[in-house]
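Here is the structure we will look at, set down as structure tokens.
2 protein chains.
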Amino acid sequence: MRPGPRRSLSHAEILAAAFELLETKGFDAVSVRGVAGALGLTPTAMYTYYPNKDALLSGMVEQVLGRLEDQATDAAARPATTTAVPAPEGRRERVTALAGALRSQLVDRPGAVGLLLATPLDGPNARRFEERLLEAFADAGLDALAAGRAAHAVRVHVLGAVAFDAAETARTADGSQAADPASTVQREPAASATATLWDELEAFPLGDRSRGFADDATARFEWGLDRLLDGLFASSGAD
Amino acid sequence: MRPGPRRSLSHAEILAAAFELLETKGFDAVSVRGVAGALGLTPTAMYTYYPNKDALLSGMVEQVLGRLEDQATDAAARPATTTAVPAPEGRRERVTALAGALRSQLVDRPGAVGLLLATPLDGPNARRFEERLLEAFADAGLDALAAGRAAHAVRVHVLGAVAFDAAETARTADGSQAADPASTVQREPAASATATLWDELEAFPLGDRSRGFADDATARFEWGLDRLLDGLFASSGAD
DNA sequence: ACCTGAACACCGTTCAAGT
DNA sequence: ACCTGAACACCGTTCAAGT
């Protein structure tokens, strides 16, 4: 047996191991030591494939964006007629499909948001995604500056929304530490705005309308995106 | 001299040291060991003030949001008339002032975005900020659900935009590594969307309209926020 | 080109102990 | 209550060396 020490891994194999770690143990587990260990390598061997950890993460982001690309083209092609015409006024639908595909790609993959926020987002697939958005807004009549800003606003909304959702679910699904009911503060009820003596994290009554925040995350996202698109597409023709 | 070993620091002193570190050495330098060292403490002494690192970061976030609170009330009171009437249709201006205050608070403080993204955002000052946004949207006629989603969309836009800007400036202002001109790839020009062989980070021509992205970050933010608010405020009365 | 082993300078956190 | 010192189980990265 013993397949020999000269494995010569491919980037695809390394990224597969990295995603395996990301999905099973979370973003923090995606360390160069961690994926090296999962591949039966020494940490330093990783540096013959990627110059540093950021390059590894960028490679992962590119792969995520690549999968998204396929998914979005499928989704955009689906509701159109079977003729060759690419859905005349489907510009807004194209943006919605693109944004939704990115979001679903990220929420499917716990910890993937950290990836997108930790990395420059300048690879070929990232640029292709950007190009798709620009195209849709240019088709709608926005000039180059406005289209660039509109595409940026959409990216910001998707990534920001997923980051918020991830922070929320990370807090509620945190199994490592239970709430501590032994609260001993409560003094000074009306502190100034710049007060810093707040140190009991679980002492809040959790407000009025905070229930049902996790289950309608998708509806909340779509509603917000729709409002944003209302504003963005109106900025072309309504003057 | 020698003031004795029983210092008994206040939370304010600890947070001041933490912000000092954040501004001078960046987000990664804000470690419990780091701020302990800056205070002349042993790392373990920090655990008598905060149960863990997240609690420290939450304390910092609260202080940032507290400063923002004061700033936003000033800004909102400024453009109104000097009479006691709080600007009748200034709901949109209030949201703009709040969002702008949060953004400026974050861009002034390099690394502070990491804070907001790493922390649950559930402290008293965070809730007060949320309440202000809800108030403005409720005044505009949105029902509770829509107002909550609108407030969320604004938060998402501000934090997402600052996170993007931070990633951009971190890349351009990165003094530790220069671009490597010795590129040896270039083979396989039309790779599939799921290809993963992209490993030369600097090999891109940096596209068509990518110049002038950093200097108009504020204009881009304000434009996107304005479009979002167009959509959000239109969702109340236009049907 | 790919890989190992030792090392450097870090992390967050816990535990036993001192005052 | 506040603090120290030692320790555990990690990080990213570099360097010298082997094949």
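Line by line, the protein sequences give chains G and F.
Under full-length UniProt numbering, residues 1 to 239 are what the first sequence spells out, in order.
Under full-length UniProt numbering, residues 1 to 239 are what the second sequence spells out, in order.
By construction, the Cβ of each residue, glycine as well, lies at the ideal position given by its N, Cα and C atoms.
Bear in mind the structure is a predicted one, so any value in this text is a computation, not a measurement.
Straight-line Cα distance separating residue j from residue i
i: GLY111(G); j: VAL35(G); result: 15 Å
i: ALA140(F); j: ARG92(F); result: 8 Å
i: LYS53(G); j: SER236(F); result: 47 Å
i: PRO120(F); j: VAL156(F); result: 14 Å
i: ASP108(F); j: MET60(F); result: 14 Å
i: GLU13(F); j: ASN125(G); result: 46 Å
i: ASP165(G); j: LEU134(F); result: 19 Å
i: ALA18(F); j: GLU130(F); result: 25 Å
i: VAL30(F); j: MET46(F); result: 13 Å
i: VAL113(G); j: ALA16(F); result: 30 Å
i: GLY123(F); j: SER10(G); result: 46 Å
i: GLU20(F); j: THR218(G); result: 39 Å
i: ALA151(F); j: THR44(G); result: 47 Å
i: GLN63(F); j: LEU102(F); result: 12 Å
i: ASP216(F); j: TYR49(G); result: 37 Å
Beta carbon proximity, residue i to chain G, threshold 9 Å
i: PHE137(F); result: no
i: SER235(F); result: yes
i: THR96(F); result: no
i: GLY160(F); result: yes
i: THR196(F); result: Confidence in THR196(F) is poor, its pLDDT being 33 and thus under 50, which makes the residue's placement too unreliable to answer from.
i: ALA45(F); result: no
i: ALA29(F); result: no
i: ARG103(F); result: no
i: ALA38(F); result: no
i: PRO120(F); result: yes
i: LEU9(F); result: no
Closer than 9 Å to chain F by CB, residue i
i: VAL32(G); result: no
i: ARG155(G); result: yes
i: ALA146(G); result: yes
i: ALA167(G); result: yes
i: GLY224(G); result: yes
i: PHE204(G); result: Confidence at PHE204(G) is low in this model, with a pLDDT of 35, below 50, so the placement of that residue should be treated as unreliable; the coordinate-derived value is given next. Yes, its Cβ sits closer than 9 Å to a Cβ of chain F.
i: GLY111(G); result: no
i: ASP230(G); result: yes
i: ARG92(G); result: no
i: ARG132(G); result: no
i: LEU22(G); result: no
i: LEU106(G); result: no
Per-residue burial, residue i [other beta carbons within 10 Å of its own, 16 or more giving buried]
i: THR96(F); result: buried
i: ASP230(F); result: buried
i: GLY40(G); result: exposed
i: SER8(G); result: exposed
i: ALA144(G); result: exposed
i: GLY66(G); result: buried
i: GLY148(F); result: buried
CB contact flag (residue i, residue j, <9 Å)
i: LEU232(G); j: ARG227(F); result: yes
i: residue 240(F); j: ALA163(G); result: Nothing can be reported for residue 240(F): it is not among the residues displayed for chain F, which extend from 1 to 239.
i: GLY100(F); j: GLU222(F); result: yes
i: ARG220(F); j: ALA161(F); result: yes
i: LEU22(G); j: LEU142(G); result: no
i: LEU98(G); j: ARG127(G); result: no
i: VAL158(F); j: LEU117(F); result: no
i: GLN105(F); j: LEU68(F); result: yes
heavy atom of the ligand ZN below 8 Å from residue i C-beta
i: LEU98(G); result: Judged by which ligands are present, the structure shown has none, so any question about the ligand ZN falls away.
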